[in-house]
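**Student:**
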Amino acid sequence: MAFKVKYESIKVGDALPTITVDNVARPDFVRYAGASGDFVPLHYDQPFVEAAGIPTVFAQGMWTAGCLGRCLTDYAGAGNVRRYRVRFSRQVWPGDTLTCRGKVTNKTEKDGDKLIEGELEVINQKGEATVKGNFAVLAG
Amino acid sequence: MAIDKSVIGKSGKPFTMPIEWSKVREFARAIRDPNPVWFDPELARKECNGIPVPPTFLQVAAFWQDADSMPTVHFDLRRILHGEQEFELYKPILVGDVLTGTAKVVEVYEREGGRGGKMTFMVTEIEYKNQKGEKVAIARSTLIETGQAVGG
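So the protein lines, in turn, are chains A and B.
In terms of my numbering, the first sequence opens at residue -10 and continues consecutively.
In terms of my numbering, the second sequence opens at residue 4 and continues consecutively.
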């Protein structure tokens, strides 16, 4: 597995690549339902959500977490992610625009691995966090 | 509904998860990830010794299990929330691998919530081994059933 980041050159506070997800739309949720098998009807079935008292369908949390995971694979290379943890704090709705971003908070060597650790978040167009997370990736 | 704590510590029947390229591509498109490493086998071979999977890809496996593979508390689908998800990835997972997953319920507990009323939490873990018997990943998930609908 090729390393994309060099341990020595990383500093605490370094930013990960920022990714913008424009114009979140219902087809995103339908496509993710098919790709992941997550057919919880809250994400595509409008009559179902209205009957549950929710105004409209919203994104699978793991769809948003998947978009955010791209910050890690773009940064460290696919296959070099060792830990990825997310906490869902707010729904993502059709029409939202999301900013996925993160930063390095720690460097550590463990069992011969050089690890970069940090925090991640997804912010909507109102500046509200929808997902917060943390990670560990391998460096060379 | 009273919560059923008898599932705590129970493991499901192990399930098999073949890692297939078409599923990986479909997943990458669904999360709008244009990284060529998911789509170009030559490049993937050079960079990763094979086609890797996105860090959240194992979520797919969570929905592939048969009913007897996942001991669970039956939540009301109208009031379900995904609270947290964690992946610990020990070794690369590549297309062509055949994983075996074993799921278990780690914790079930209740807590008084805010606007959602009383909430029930269920923490599950799925451990994955590859075809060589190596532990490659643990997926840990917290699902929440809220006391009332959560949207809006």
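Glycine is no exception: its CB is placed at the ideal position from the N, C-alpha and C atoms.
Taking Cβ positions only, does SER(-2) (chain A) come closer than 9 Å to chain B?
**Tutor:** no
**Student:** Taking the Cβ atom as the reference point for each residue, do ARG143 (chain B) and GLU91 (chain B) lie within a distance shorter than 9 Å?
**Tutor:** Between ARG143 (chain B) and GLU91 (chain B), the C-beta spacing is below 9 Å.
**Student:** Along the chain, where does the alpha helix (DSSP H) that runs through MET51 (chain A) open and close?
**Tutor:** 50 to 65
**Student:** Compare the C-beta of LEU5 (chain A) with all C-beta atoms of chain B and state if any pair is closer than 9 Å.
**Tutor:** no
**Student:** What residues in the segment 73 to 88 of chain B bring their beta carbon closer than 8 Å to a beta carbon of chain A?
**Tutor:** LEU80, ARG81, ARG82, ILE83, LEU84, HIS85, GLY86, GLU87 and GLN88
**Student:** Using a Cβ-Cβ cutoff of 8 Å, what residues of the segment 48 to 77 of chain A are near chain B? List them in chain order.
**Tutor:** GLN49, GLY50, MET51, TRP52, ALA54, GLY55, CYS56, GLY58, ARG59, LEU61, THR62, ASP63, GLY66, ALA67, GLY68, VAL70, ARG71, ARG72, TYR73, ARG74, VAL75, ARG76 and PHE77
**Student:** Kindly indicate if chain A contains any beta-carbon less than 9 Å away from that of GLY155 (chain B).
**Tutor:** Bear in mind that the predicted position of GLY155 (chain B) carries a pLDDT of just 41, short of 50, making it too unreliable to give a figure here.
**Student:** Spatial neighbours of THR123 (chain B) within its chain, please: C-beta separation below 6 Å, excluding the five flanking residues on both sides.
**Tutor:** ILE6, GLU113 and GLU148
**Student:** Of all the options B:LEU146, B:PRO39, B:TRP41 and B:ARG32, which has the alpha carbon lying nearest to the alpha carbon of GLY23 (chain A)?
**Tutor:** Closest by alpha carbon: B:ARG32.
**Student:** Would you mind sorting GLY155 (chain B) into buried or exposed? The rule is 16 or more other CB atoms within 10 Å of its CB.
**Tutor:** For GLY155 (chain B), the pLDDT reaches just 41, beneath the cut-off of 50, and the residue's location in the model is therefore unreliable, leaving the point undetermined.
**Student:** Going by C-alpha to C-alpha distance, which of B:LYS138, B:ILE129 and B:GLY86 sits closest to ALA64 (chain B)?
**Tutor:** B:ILE129
**Student:** Taking a cut of 8 Å between CB atoms, which residues from the segment 14 to 44 of chain A lie near chain B?
**Tutor:** Look at the segment 14 to 44 of chain A: the residues with a C-beta under 8 Å from a C-beta of chain B are ASP17, ARG20, TYR21, GLY23, ALA24, SER25, GLY26, ASP27, PHE28, VAL29, PRO30, LEU31, PHE37, VAL38, ALA40, ALA41, GLY42, ILE43 and PRO44.
**Student:** Along the beta strand (DSSP E) that carries VAL93 (chain A), what are the first and last residues, could you check?
**Tutor:** 87 to 99
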